[in-house]
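Residue 1 is where the sequence shown starts when you use this note's numbering, and the numbers rise one by one after that.
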Amino acid sequence: MKDCRGISIKTGDKIEDVNGTIGTVVKTNKDYILVKFPGYGIDRIDNDEHVEIIKKVNKKSERKNK
Numbered sequence: 001m002k003d004c005r006g007i008s009i010k011t012g013d014k015i016e017d018v019n020g021t022i023g024t025v026v027k028t029n030k031d032y033i034l035v036k037f038p039g040y041g042i043d044r045i046d047n048d049e050h051v052e053i054i055k056k057v058n059k060k061s062e063r064k065n066k
């Protein structure tokens, strides 16, 4: 699978979100990337691990929707 930048992504890879937090790719499928991020640190309110589902950007489907 490739992310929105066209870079190949597989389970176990490290990926960075827009805030600069580095997480680990847990699972990928045709449309989504599941990423587990560690806790934020003591300076943030929410210090728990969390999981985000990132939608894959598909340029072909964007053209169809226009």
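Beta carbons: idealized from backbone N, C-alpha and C, even for Gly.
Predicted model, so just to flag it, every value in this text is computed and none were measured.
Simplified DSSP state of residue i, which is helix, strand or coil
{"i": "E49", "result": "coil"}
{"i": "K10", "result": "coil"}
Residue(s) in a DSSP beta bridge with residue i
{"i": "K55", "result": "Y32"}
{"i": "G23", "result": "I15"}
Own chain residues within Cβ distance below 6 Å of residue i, not counting five before or after
{"i": "E52", "result": "V35"}
{"i": "I22", "result": "K14, E16"}
Residue i versus residue j - alpha carbon distance
{"i": "R63", "j": "V18", "result": "Confidence in R63 is poor, its pLDDT being 47 and thus under 50, which makes the residue's placement too unreliable to answer from."}
Cutoff 8 Å; reference residue i; Cβ partners in own chain excluding five residues on either side
{"i": "I7", "result": "none"}
{"i": "T71", "result": "Summary: the structure shown does not reach residue 71, with the chain confined to residues 1 through 66, and so no result is reported for it."}
7 Å Cβ shell around residue i - same chain, five flanking residues per side excluded
{"i": "K55", "result": "D31, Y32"}
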